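Before any comments, here is the structure.
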Amino acid sequence: MSDNQLPKEQMLFNGQYLVIKKLGQGGFGIVWEAFDFSLKNFVAIKELLKEYAEVRFVEMFYKEALMAKNLIHDNIVRVQHFWKGDNGSYYIVMDYVLGRDLGLVLKKCSEKGVKLPWELSIFICGGVLKALDYSNRLAKDTTTGKPYGIVYRDVSPGNVMVFFDGNIKISDFGIAKTAEELSRKSKQKIVTGKYAYMSPEQISGDSNIDHRSDIFSVGILLYEMLTGEQLFTGDVDAIRKQVTDAAINLEPLKKLGLPDELGEIIAKALKRDKTKRYQAALEMFRDLRRLLKFKETEELQSELSTFICNILVDEILVDNKLLDWVRQLNLQDIKMLPEVNKISCKDFIMGEADVEEEYAPPPPAPQPEPVEESEPETEPAPEIVPETASEPVEPLPKIESEPVLSHSEEKASPEAVTPPAAEKAPEQKGAAEDAKEIIAPSKAAAEVPAEKAKPEAVKEKTIPPKVVEKAPAQKPKPEPVKAKTVPPKTKEQRPAEPRAAAVEAQGEERGKTVFEEVGDWFSKKFKVYKKRLITVMAALVVTAVLLVVVDTFARVTPFGKNIYSRIYPPDTVITTVPSGARVSLKTRDNTFIISEADSTYPIELRKVVPQSYILTAYKEGFKPIEKIVTVEEKGSIKGSQRIDVVFEFTLNVFSEPAGADVVIDGNKYGVTPWKGDLVAGEHTVKLTLKGFDNLGSDAKEAREGQCSLDFTQSDDAGIFGGIDTKYWKYDITSQDGAKMFNVYGTMFRRVKIDSSPQSMAVYVGDEKQSKGNTPLALPMKPGEYRVTFADPNGLYENTARTLKVDAIFDGTISATLKKYVRFKVAVKGEPAKAVSADLKITGNGINLTKNISSNSPERIALPLGVYKAVFDGGKEFRPVTVKDINISQQSTIAAELEYVDSELQVNVKEEGTGKIVAGAYVWMDGRIMGKTDDKGTWKNTVKFGSSTIRIVANGYDEKFVEAGILPGKLNTVSIELHISQPPPAASDQPVSPAALTGDVIQTNKSIFTGSAIKDRVVKPAARPVPSRSSDTSMFSKEAIKCSNCGKEYPAGSRKLRFCINCGKTLKWE
């Protein structure tokens, strides 16, 4: 943008927020990016489209703002204001996300052919889960203090915001539901959300939806981040069928080399049965975070920031340019531009308009409103002031007698200035003229400020209530006056607005927070319903008192019985342990005082003759009781006499293994199996056995292996409610009509488990959930176990140990894990060439041989230590030895094989005769290698590969041979030279190739052992005749330089025809 160019959306909110650009538009609203000139930062403004400004849509919009305003969390986009503009639109002002949504990130990754690393995918998913957990479990309604219990219902890439600094936040709570809303069990008429990310219960419109639906959606989101593809695709019907019926295909995850646990976590989150999913977002977050335990949150955030900045580099440049442009803007200049639409907004409260409409004056209501604005002009009139000022006390009873005035000021305003006030005016000075002024206020009076009118509110209420009845008679008067005397309407002053609201508007220019608005709304509602609430509360109090009185004397409930006992204390109270027994009390002559009374509550006796009685008590499962009790004479003891009946029961104690000492309530009773009788009450059972940890304790406490029995309870669940069912079992049998209470304890041993290295996950048996990471101590029952040690990061090989827990077990188990080391091989300089090699690893007691190839590197598990590795690629390559491999610090060992040097032998003979050619120069690839010996042979070590061999001999045509030299072998080349034709001028020196212009003559192929060759003969051209005698000298007089390679030959050098470096012809003076 240029310095003076504004965007197409030219809007300025409250003279402070300038719209920069449109961020997006949905079905119901538009989101703008705006710059706050006050705080010098960006905000996002979400606008509800005018065509949806109906009550139900405004309520949804308001609910989203109110809900998000109370969600204060690092992973949730914060809402600042809820506005209503003077243009009739509604707005939500929220924090601007300096980044992009996850949907765009995934799209950019797909376009650039990269995948989001699985560690970063888990980190993003963790931020979403923390936000969901907070909004569902921890966020509370500030007005009621109750948790919201929010179900987000819209987890999708478009609602997950990824900041450029690596932070994660979710936004858009438009379709979220609180627990209270979801408690209204009704099938959804309209399914809202994004179908591809819905849970089975959400897409089916099930009313029984809860936070576990969001966990399913998070599983879909995590799958998409890892694979780069949507889990469910197609049209609506196809997606619905995939979500609810079809098998969920997670096979693509197995091809990505991800940790196995990650696939299990996703599979659990995507269970169709929500009872089998994670039951809380925090549970899934902990399992995911366990996979990243070696990385801190700050490190992951930094990595995500780097990745996002690389993927969204174009978007960052656009944002930086926009920021530079905004910095150049001047707010005052913008305010002066006529094309900028200036919108005035104020914080809005739902329900405020409803209150005004409900308690507005009865029809014709609109008529008093214009008079209401003229009210301040009538009150200062001399006719009104003396009347109210001279008798300030008398009007007070009238205010109390008129109930309408207590509801709202809107009712009082029209009464104070209604036309009947003109009937009193003639009694004062200037009655006729003043009366007209009261009925039709003058322009001067209409301009009286609202601040001066407010203190006259008491005077308004002094007008007798009867004048309200005459208000409609003056109906025609206010209409013409309204047009002539009322000033033009402004955004802050509207004729239809009540006076109290107009005064408040002046104080609201600073703008109220949502919390203040909610408080004001509740205050107004309380004023409206105050009398009704008082009436209802009084009725409830009277009803409660009557119920208490009736219950007290009828003794229906324990509460009533307790009150009655306090008013009329009993003489004798009989209780049983446990309660719920049938109790009878009779005299010695079998006269029953009570017969089979229920002892669930204490049995109270009044006016019983003091003497001895026979008490019988019976409770199923316990031994019956019959004993003599004495009822004391009233007054002989303080308070009521208590008779406690305690039953006895039989307890059997067993243990595995047997022979454990049985300690009950701290006293040793015997060894298991043990049987004995005990009195009903609270008991603790402890078992001790050598070689095992104590099972239970002497005190009633919540500890591992505890066995606390409470026989004061009347039911079996209450009796055995204090035992740890992990180590104890119980049942109840019957013998001779009496219950036998049996408890079975399984002894355990606390096993110390460790590994080298530590922090390895420990699995017992076939369990898929780890017990924790080493070092740890696990309580284990007697028996044999298979303990598996696994590295959460997959760097070490899983190791299993067999463990037998018994009395002689020493209590410890450890394992040394082997670390995976990746060995790979390649040909140096030819990375694409396939090659195999024998790998021999020695050291640390290991002597291992493997065959590896460049196509399939070998992953070998080795104990920690130092090793030597030898890569042998065969005769063609030199062996590569890598020493001092410390695998605790190295995970990959790579070797590059080099070809061995080859031997080349060149035999040169004369063509036709087979005569040996000695002294012939041998050139290879433009370099002179040497001369043939007396046997016509040259032999040396050379590099393998394709080479051009050139033979230059005096009296013979030069010959070129293309040879393929094989590595690790003796390569023999036999070359036959053709005798050259005598030149016009005799010369004994060899001819340079550069000087040859003759034809190329093909001869028979040379004999080349081990490879095919191609040869060609160059016929020399005529040699020039020297023009100076100096040319025939063998030594030069001046220094020259080769024109081709630049090699220098000093003065006095032998006149060579060819450069010994490049073979090109030398030109001597």
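With our numbering, letter number 928 in the sequence shown gets 1819, and the count goes up by one each step, no holes.
Heads up, the beta-carbon is just placed ideally off N, CA and C, and yes, glycines get one too.
Being a predicted model, the structure only gives us computed values, none of them experimental.
{"Query": "Between which two residues does the alpha helix (DSSP H) holding residue 1016 run?", "Result": "1009-1024"}
{"Query": "Out of 1933, 1941, 1766, which one is the CA nearest neighbour of residue 1954?", "Result": "1933"}
{"Query": "My parser needs the beta strand (DSSP E) runs of 3 or more residues fully inside the region 1183-1246; what are they?", "Result": "1232-1234, 1236-1238"}
{"Query": "Can you find the residues in the same chain that come closer than 6 Å, C-beta to C-beta, to residue 1327, ignoring five residues on each side of it along the sequence?", "Result": "Bear in mind that a pLDDT of 36 at residue 1327, under 50, signals an unreliable position, so the model cannot answer this."}
{"Query": "So, helix, strand or coil for residue 1115, using DSSP?", "Result": "helix"}
{"Query": "Excluding sequence positions up to five away, which residues of its chain have a Cβ less than 6 Å from the Cβ of residue 1733?", "Result": "1759"}
{"Query": "I need the DSSP call for residue 1941, collapsed to helix, strand or coil.", "Result": "coil"}
{"Query": "For residue 1232, tell me which candidate among 903, 1940, 1629, 1730 has the shortest Cα-Cα distance.", "Result": "903"}
{"Query": "State buried or exposed for residue 1459, treating a residue as buried only when at least 16 other CB atoms are found within 10 Å of its CB.", "Result": "exposed"}
{"Query": "With a CB to CB cut of under 7 Å and the five nearest residues on each side skipped, what residues in its chain are close to residue 1663?", "Result": "1653"}
{"Query": "Go ahead and pull the three-state DSSP assignment for residue 1958.", "Result": "coil"}
{"Query": "Based on the DSSP secondary-structure assignment, which residues constitute the bridge partners of residue 1598?", "Result": "1614"}
{"Query": "Residue 982 and residue 938 look like a contact to me (Cβ under 8 Å); what is the Cβ gap, rounded to whole Å?", "Result": "5 Å"}
{"Query": "Assuming contact is defined by CB atoms lying nearer than 8 Å, are residue 1095 and residue 1135 in contact in what I supplied?", "Result": "yes"}
{"Query": "Smallest Cα separation from residue 1210: which of 1430, 1179, 989, 1765?", "Result": "989"}
{"Query": "Hey, residue 933 and residue 907: beta-carbon distance below 8 Å or not?", "Result": "no"}
{"Query": "Measuring straight from C-alpha to C-alpha, what distance separates residue 1194 and residue 1057?", "Result": "8 Å"}
{"Query": "Kindly confirm or deny that the region 1806-1823 and the region 1748-1763 touch, where touching means at least three C-beta pairs closer than 8 Å.", "Result": "no"}
{"Query": "Can you tell me which residues form a DSSP beta bridge with residue 1838?", "Result": "1854"}
{"Query": "Please look up how many angstroms separate the CB atoms of residue 1690 and residue 1706, rounded, as I've assumed it's under 8 Å.", "Result": "5 Å"}
{"Query": "Quickly, what does DSSP pair residue 1504 with across the bridge? List them, please.", "Result": "1520"}
{"Query": "Could you check where the alpha helix (DSSP H) with residue 1458 kicks off and where it finishes?", "Result": "1449-1458"}
{"Query": "Which one of 1406, 1224, 1799, 1156 has the shortest CA to CA distance from residue 1814?", "Result": "1799"}
{"Query": "Residues bridged to residue 1749 by DSSP?", "Result": "1714"}
{"Query": "When you compare only the Cα positions, how much space is there between residue 1950 and residue 1862?", "Result": "28 Å"}
{"Query": "Can you name the start and end residues of the alpha helix (DSSP H) that residue 1178 belongs to?", "Result": "1172-1181"}
{"Query": "Tell me which same chain residues have a C-beta within less than 6 Å of the C-beta of residue 1364, skipping the five on either side of it?", "Result": "Confidence at residue 1364 is low in this model, with a pLDDT of 42, below 50, so its placement is unreliable and the value that follows should be read with caution. Correct list: empty, nothing qualifies."}
{"Query": "Using the Cα positions of residue 1754 and residue 1737, report the straight-line distance between them to the nearest angstrom.", "Result": "9 Å"}
{"Query": "My assumption, with CB atoms under 8 Å, is that residue 1494 sits in contact with residue 1465. Please give the rounded CB distance.", "Result": "4 Å"}
{"Query": "Assuming residue 1125 and residue 1157 are in contact, meaning their beta carbons sit under 8 Å apart, how far apart are those beta carbons, in whole angstroms?", "Result": "Contact doesn't hold; Cβ gap of about 21 Å is too wide."}
{"Query": "Would residue 1674 pass as a contact of residue 1696 if the rule is Cβ separation under 8 Å?", "Result": "yes"}
{"Query": "Quick one: is residue 1417 buried, meaning 16 or more other Cβ sit within 10 Å of its Cβ, or exposed?", "Result": "exposed"}
{"Query": "Taking the straight line between their C-alpha atoms, what separation do you get for residue 1434 and residue 1440?", "Result": "10 Å"}
{"Query": "Going by other Cβ atoms of all chains shown within 10 Å of its Cβ, with 16 needed for buried, is residue 1872 buried or exposed?", "Result": "exposed"}
{"Query": "Which value, in whole angstroms, describes the spacing of the CA atoms of residue 1122 and residue 1010?", "Result": "20 Å"}
{"Query": "Please list, in chain order, all residues of the same chain as residue 1191 whose beta carbon is under 8 Å from its beta carbon, the five residues on each side excluded.", "Result": "1010, 1011, 1014, 1057, 1183"}
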